[in-house]
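For the record, in the sequence shown the residue sitting at position 284 is 284 according to full-length UniProt numbering, with numbers rising by one throughout. All remarks here apply to the structure that follows.
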Amino acid sequence: MSLLFSTQIMSKADLRQWIKNDKESLSKFEEALDKLQKLHIMIEQENKTIALNSSFKQKFQECLTGGGTHQSFGKLYNKPHRHSQSNSHKLPDIKTLDEHAKTKWEEILHFMVGTDRMNSPGASVLKVVTKANLMREKEGKGLEITNKGFQFLLQDVNTQVWAFLIQYLDLASEMLHMNVVEVLNFFFMLGSLELGQDYSVEGLTDTQRQLLDDLTNYGLIYRPKKSSKRYYPTRLATTLTSGNSAIVSNSSSNNPTDDDDSATEQGFIIVETNYKLYAYTSSQLQISVLNLFCNLQFQFSNMVTAELTRESVRKALKHGITASQIISYLTSHAHPQMKKRPALLPSTVVDQIQLWEMELNRLVITNSYLYKEFRTFADYEVVLKHANTLGVVVWSSDSKKMIGITEAGHERVKAFIKRKIVQRRSNGGDTTSSAGGTPAR
């Protein structure tokens with residue numbers, strides 16, 4: 001940063017004077033300088049002086065000072081507002097922006113966990129959740145959450161938003177035919193905008209204008225109406241590049257109020273040794289998440305009772321949710337009372353959830369081809385050895401001279417056997433044999 005606005009010619013020795021004269025600091029300096037040179041940001045001249053890349057220097061200066069046409073910090077909406085505060089069309093305050101962000105983002109999370117009464121999200125949301133494998137098509141029953149989707153619910157909101165935007169970036173280039181560089185620039189610009197400030201759509205490219213509609217559906221942008229010439233970034237957008245938490249709660253959210261959100265951060269689930277579960281929450285999203293792996297029993301104004309059963313856990317496991325994810329969810333949202341125990345969760349409950357998973361996974365069905373009726377044991381061994389080399393053996397029996405081969409490996413093993421038969425013919429040997437592959441499903 002010191003070099004950015006400096007016009008002086010600096011040598012490497014001069015730069016070293018800015019660094020503490022100890023081994024660790026000098027080592028970090030050399031490492032940083034080496035990386036910057038590899039990126040062609042810092043350039044060492046023939047006369048042993050160091051300079052910033054002129055193009056990088058100019059663009060960085062413009063970025064920090066708001067110069068140029070790149071709009072790194074957006075373009076403020078400087079025109080007077082037509083609607084006064086006395087009108088019914090009041091300008092949105094921060095509370096309105098937070099509520100918009102919360103509502104839109106939770107619509108996505110509710111849809112993922114299968115809450116019936118929530119509005120269905122837009123088409124772009126459906127494309128992102130399916131492309132990211134957060135949800136998958138279920139025969140005749142629409143979309144259902146996946147293992148990856150459940151893991152997504154366990155993340156904090158900022159991580160969720162970035163994961164969503166990264167998938168949108170892939171979608172933009174593959175299906176929406178957008179300029180990826182413009183999309184990425186717009187994402188980073190959003191992180192530098194000011195909450196509560198309105199910005200003009202003038203100067204935005206066609207790609208970025210199209211982005212506004214999708215990001216409004218995600219809760220990152222608020223627009224009074226679709227034809228509006230201004231837009232407002234919500235807290236979901238302004239916290240993209242900061243360490244601050246977004247106001248929108250994730251799957252661990254409890255209530256819109258600050259008190260409830262604070263309580264949620266401390267945990268709200270109590271699990272007993274008899275597999276009974278008490279969740280002190282009134283959030284429909286939270287209840288829907290619990291319903292993925294619990295049998296809900298009673299719901300009160302601020303509490304839900306449920307039970308972990310073999311059937312409810314197996315239902316979750318069949319959807320791709322793992323035992324470790326269920327245990328992790330219960331652990332991360334455990335009530336403060338649970339933290340007074342030697343073990344956060346009852347060991348009997350943890351062990352049983354893992355046993356139910358082992359029970360479900362003890363048999364694995366794999367489509368394969370069965371090779372049998374080998375003429376000799378030697379023939380069987382030759383084919384088995386070759387199949388093992390290819391890594392396509394599902395099962396084998398020495399006593400029965402049978403081999404199960406994967407569907408992917410069937411053609412290669414069959415071709416190998418044919419080559420062996422041809423070799424035997426050319427050598428004048430017995431060509432009778434050997435080992436036909438029949439589908440074993």
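In this text, a Cβ means the ideal position worked out from N, Cα and C, and glycines have one as well.
From residue i to residue j, what distance separates their C-alpha atoms?
i, j, result
"V313", "Q352", "10 Å"
"E182", "T216", "17 Å"
"T115", "Q160", "19 Å"
"E202", "Y232", "14 Å"
"L344", "D214", "41 Å"
"M189", "L211", "13 Å"
"P224", "T234", "13 Å"
"Q423", "F416", "11 Å"
"S396", "Y369", "11 Å"
"G191", "S242", "8 Å"
"M178", "D206", "9 Å"
"residue 481", "V129", "Here the chain comprises residues numbered 1 to 441, so residue 481 is not present and cannot be evaluated."
"K148", "L134", "5 Å"
"M1", "L52", "10 Å"
"K18", "L236", "The sequence given here has Trp at residue 18, not Lys. So the alpha carbons of these two residues sit roughly 39 Å apart."
"L143", "L153", "16 Å"
"S200", "L76", "6 Å"
"F111", "F29", "49 Å"
"N302", "M338", "18 Å"
"S426", "N367", "35 Å"
"D198", "E44", "44 Å"
"residue 445", "L240", "Shown here, the chain extends from 1 to 441; a query on residue 445 therefore has no answer."
"K23", "K127", "52 Å"
"S11", "K20", "17 Å"
"P342", "L355", "22 Å"
"I145", "P346", "27 Å"
Quick check: residue i and residue j, are their CB atoms within less than 7 Å of each other?
i, j, result
"residue 445", "I405", "With the chain running from 1 to 441 in the structure shown, residue 445 is simply not present."
"I327", "G196", "no"
"I41", "F60", "no"
"G409", "L390", "yes"
"I9", "T49", "yes"
"Y222", "H100", "yes"
"T348", "T238", "no"
"A306", "L285", "no"
"I269", "H333", "yes"
"K131", "Q155", "no"
"K104", "G267", "no"
"E357", "L317", "yes"
"Q325", "F150", "yes"
With a threshold of 16 other CB atoms inside 10 Å of the CB of residue i, please say whether the residue is buried or exposed.
i, result
"R209", "exposed"
"I321", "buried"
"N158", "buried"
"D170", "exposed"
"T7", "exposed"
"F5", "exposed"
"S288", "buried"
"L39", "exposed"
"T257", "With a pLDDT of 39 at T257, under the threshold of 50, the modelled position of this residue cannot be trusted; read the value that follows with caution. Flag for T257 reads exposed."
"S120", "exposed"
"R230", "buried"
"F300", "exposed"
"L204", "buried"
"K102", "buried"
"D98", "buried"
"V248", "Its pLDDT being 49, under 50, V248 is placed unreliably in this model, and the value from its coordinates should be taken loosely. Buried, since its Cβ has 16 or more Cβ neighbours within 10 Å."
"S251", "With a pLDDT of only 48 at S251, under 50, the local geometry of the prediction cannot be trusted, and the value read off the model is given with reservation. That one is buried."
"S27", "exposed"
"L292", "buried"
"S124", "buried"
"A172", "buried"
In terms of alpha-carbon separation, which member of the options lies closest to residue i?
i, options, result
"Y371", "M178, E381 and K12", "E381"
"N295", "N302, S283 and A279", "A279"
"H335", "T281, Q354 and R310", "T281"
"E373", "V394, N361 and I403", "I403"
"N185", "L165, K226, S200 and E194", "L165"
"E359", "E46, S173, P346 and A323", "A323"
"Q297", "K418, F150, K276 and V271", "K276"
"R412", "R310, V392, S399 and R16", "V392"
"V394", "T309, I365 and I145", "I365"
"T376", "L176, R362, L355 and D398", "D398"
"V304", "S54, E311, L193 and S283", "S283"
Quiz item: Could you give the uninterrupted runs of the alpha helix (DSSP H) lying entirely in the stretch 156 to 209, keeping only those of 4 residues or more?
Solution: 157 to 174 and 180 to 191
Practice problem: Tell me the start and end of each unbroken beta strand (DSSP E) in the stretch 298 to 343 that is at least 3 residues and wholly inside, in chain order. | Solution: 304 to 307
Quiz prompt | Whole beta strand (DSSP E) elements within the stretch 107 to 131, 3-residue minimum | solution = none
Quiz item: Curious, which full-length beta strand (DSSP E) runs of at least 3 residues does the stretch 214 to 245 contain?
Solution: 230 to 233
Quiz item: Which ranges would you report for the alpha helix (DSSP H) in the stretch 364 to 416 if only whole runs of at least 4 residues count?
Solution: Complete alpha helix (DSSP H) runs here, min 4: 377 to 390.
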